[in-house]
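I have placed the structure first, in the form of structure tokens, so that the comments after it can refer back to it.
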Amino acid sequence: MSYGCLYIVVCSFLFRQSKGNSIVVTNTSGIITSPNYPSDYNNDLDCEYIIKSPTKQPITLVFEDFDIEDDDDCTKDYVSVKDGTNILLGTFCGDNIPYPLLALSGVIILKFHSNNEDSEKGFRAVFNDSQECVYVTKDSNGTIQSPNYPDNYPKNTICLYYIESRKGVSINMTFTHFALEYTSRRCPDDYVLVRDGLSQSSKQIGKFCGSRIPFIPVLLTGTVFIIFRSNNLISWSGFKAKYEEKPFLECSGFLNVSLGRIQSPKHPEIYDSNTDCVYTLACQFNCLINLTFAFFEMEKADHGNCTYDFVEIYDSNTSIGKFCGFQKPGLTFILSSSVRVLFHSDNSKNYRGFSANFAEITVHQATDEVLTTVSFSPTSGNMWNNKITSSTNISSVNP
34 MSYGCLYIVV CSFLFRQSKG NSIVVTNTSG IITSPNYPSD YNNDLDCEYI
84 IKSPTKQPIT LVFEDFDIED DDDCTKDYVS VKDGTNILLG TFCGDNIPYP
134 LLALSGVIIL KFHSNNEDSE KGFRAVFNDS QECVYVTKDS NGTIQSPNYP
184 DNYPKNTICL YYIESRKGVS INMTFTHFAL EYTSRRCPDD YVLVRDGLSQ
234 SSKQIGKFCG SRIPFIPVLL TGTVFIIFRS NNLISWSGFK AKYEEKPFLE
284 CSGFLNVSLG RIQSPKHPEI YDSNTDCVYT LACQFNCLIN LTFAFFEMEK
334 ADHGNCTYDF VEIYDSNTSI GKFCGFQKPG LTFILSSSVR VLFHSDNSKN
384 YRGFSANFAE ITVHQATDEV LTTVSFSPTS GNMWNNKITS STNISSVNP
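Residues 34 to 432 in this note's numbering are what the sequence shown spells out, letter by letter.
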């Protein structure tokens, strides 16, 4: 990203006397700082900077220096940043430099507040509406990669990638190549950071560096935000990743696809009382279904019996088991080509429910063999084996 040379230092004494006013900036790029920066800012300040892209392109905001009075809730001195659509991208204090931010609307609203106590050096941030290394898409599938890939990426580079799927559809992302500078497990130098949304409060999937290919679970929110950053030292060949949409069922329905997700209603929020759902999963010829629970939280059993809220799994028409409580059922289930998952809640205690990923597994004909999965009972704590045979003989199982 290339930056302009506009310096904006606002929020003077006269400005803060007229509360409700804002400084509006319509430049394509520039620098904003707290008052008096790099000297300490004054107490009792309330400043608002509104940055509008004249081209209405997404705006990046990168903090280069940050030192604000620290407290656990960031209620004393703080910087808050919103997208122009009033989406909170983050509220920051302390001396940890925030990760780069992206405002899709082309408008950033930055508010700086200081109370009547301690003051620090403040902040310096660069904004830019250049799309030089910003990737925003709603395409159902595609690839992303570091700049210059497969050649070495440039030094001192920031790239932002935002992928959004259709409503009710999750995203499956797979890295096919990964090679970044590695100095420690915290990845303080070159890194790829993956979150399931643009906000600071979005779930961080991971921060990655080195040469080990990251594993990214199915992204439940249907959005993914990726930050790539390199320093001025060593550069490597970078990364390449592919992504694709995968449908999921929230309550009842039929899916005949190779990969996807099911979840209880409203998950990860609390499910409603008196709810019954039936999820039917099926695959085509010569295949099995691998069902793995990623999250499980339901009303606990009554004397070892799941009689209140529960999930029951059927392999074809045979019940494998009924599950409840807080322990995820099973390590994994390798089932037949037709699976039904029943979800039931009664009229009393409600929790966050469950989410489970499923994938089709191809079966090839050859010698007689039986697949066995080990499952765990959250109600009794017992282990048992499920032996599953196919109508065809099994020689290998290829995800």
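For glycine and all other residues, C-beta sits at the position ideal for the given N, C-alpha and C.
Computed from a prediction, not measured in an experiment: that's the story for all the values here.
One alpha carbon belongs to Gly271, the other to Gln178, and they sit about 8 Å apart.
Less than 9 Å divides the Cβ of Thr176 from the Cβ of Lys275. Around the beta carbon of His336, a 10 Å sphere encloses fewer than 16 other beta carbons of the protein chains shown; the residue is thus reported as exposed. Here Lys236 is exposed, its C-beta having fewer than 16 other C-beta atoms within 10 Å.
In the same chain as Glu302, and ignoring 5 residues on each side of it, the C-beta atoms closer than 8 Å to its own belong to Arg385, in chain order. Residue burial annotation: Lys171 is exposed, with fewer than 16 other C-beta atoms found within 10 angstroms of its C-beta.
Taking a C-beta distance under 9 Å as the contact criterion, Pro71 and Arg199 do not qualify as a contact pair. Excluding the 5 residues flanking it on each side, Ser352 has same chain C-beta neighbours closer than 8 Å at Glu345 and Ile346, in chain order. Spanning the alpha carbons of Thr124 and Pro131 requires a straight line of approximately 9 Å.
Taking 3 residues as the minimum length, the beta strand (DSSP E) runs contained wholly in the stretch 64-120 are 78-85, 92-100 and 111-116, in order along the chain. Gly239 places its beta carbon 9 Å or farther from that of Tyr215.
Counting only residues of its own chain and dropping the five nearest sequence neighbours on each side, Ser86 has a CB closer than 6 Å to the CB of Ile92, Gly139 and Asp162. Phe359 and Gln233 have their C-alpha atoms roughly 28 Å apart. Per DSSP, Cys310 is one residue of the beta strand (DSSP E) stretching across Thr308 to Ala315. Straight-line spacing of the CA atoms in Ala392 and Cys192 works out to 32 Å. Looking at the DSSP output, Glu197 sits in a beta bridge with Thr256. Cβ-Cβ distances below 6 Å link Cys107 to Thr124 and Cys126 in the same chain, with the five nearest sequence neighbours on each side left out; the list follows chain order.
Proximity to Leu266 across Ile249, Asp222 and Phe376 peaks at Asp222, based on C-alpha coordinates.
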